[in-house]
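Residue numbers (this note's numbering): 10 to 249. Encoded as structure tokens, the structure appears first; notes follow it.
So this is what it looks like as structure tokens:
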């Protein structure tokens, strides 16, 4: 039977082209992704942001590309390679019989995951400056937490409205709902979205009411040690 390419496959291919700076191929892959989406569905917020940036880069490079191609002979153009073959999950699992079975529920993917996440009332924080003054971390349980917060003092370049504290659980970032454990790939996309989003940008956080996993305290202590080491290094340099 003929392999049916999914929108997710085109989405992955498009972002791969984007990272390789092949913006023309990225735009083409996103267009194919849109074409085979189920009726009524649109590109995700992540994909739309990449799509817009790829089209912008393609337009900026359009004039230069045209002048280059007109001076080349058709024989010198390197042919475009076909896209990689996407292997269905079932076929991949059958080809690797030693692979352990996939867990049925996300929290079971790690022994550090709590049985349930309980949080307090949600609150919104608006960041007006480019620098946010916070450090976020996706734990091994898939939840995103605030590890450290720099003070918003009058002399600081950080400008924000609202209260955010160490240990807060991030519920929403730049309009992206993360009120559930997320994968490392999803976290990478979320970080990219936060960096690309224009200011002001809003985060929704909440205090973790359930028992905080031990590895969270370890990560926060590691962050504090790094901050103290950096502060000591800066002070030593100033005295020389």
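Idealized CB from N, CA, C, for every residue including glycine.
Could you tell me if the beta carbon of residue 56 falls within a distance shorter than 7 Å of some heavy atom in the ligand MN?
As presented, the structure is devoid of all ligands, the ligand MN included, so that no description of it is given.
Can you tell me whether residue 174 is buried or exposed? The criterion is at least 16 other CB atoms within 10 Å of its CB, across all chains shown.
exposed
Separation of residue 142 from residue 232, as counted between CA atoms:
14 Å
Just how far apart, CA to CA, sit residue 46 and residue 125?
34 Å
Where does residue 133 land, buried or exposed, given buried means 16+ other C-beta within 10 angstroms?
exposed
Quick check on the DSSP output: the beta strand (DSSP E) that includes residue 132 runs from which residue to which?
128–136
Residue 157 lies in the alpha helix (DSSP H); which residues open and close that run?
Per DSSP, residue 157 belongs to no alpha helix (DSSP H); it is in the beta strand (DSSP E), 153–158.
Name the two residues that bound the continuous alpha helix (DSSP H) containing residue 203.
193–205
Could you pull the start and end residues of the alpha helix (DSSP H) that residue 48 belongs to?
Per DSSP, residue 48 belongs to no alpha helix (DSSP H) and is neither H nor E.
Could you check where the beta strand (DSSP E) with residue 217 kicks off and where it finishes?
210–217
Assigned secondary structure, residue 161 (DSSP; H/G/I helix, E/B strand, else coil)
coil
Paired residues, beta bridge with residue 181 - DSSP
186, 213
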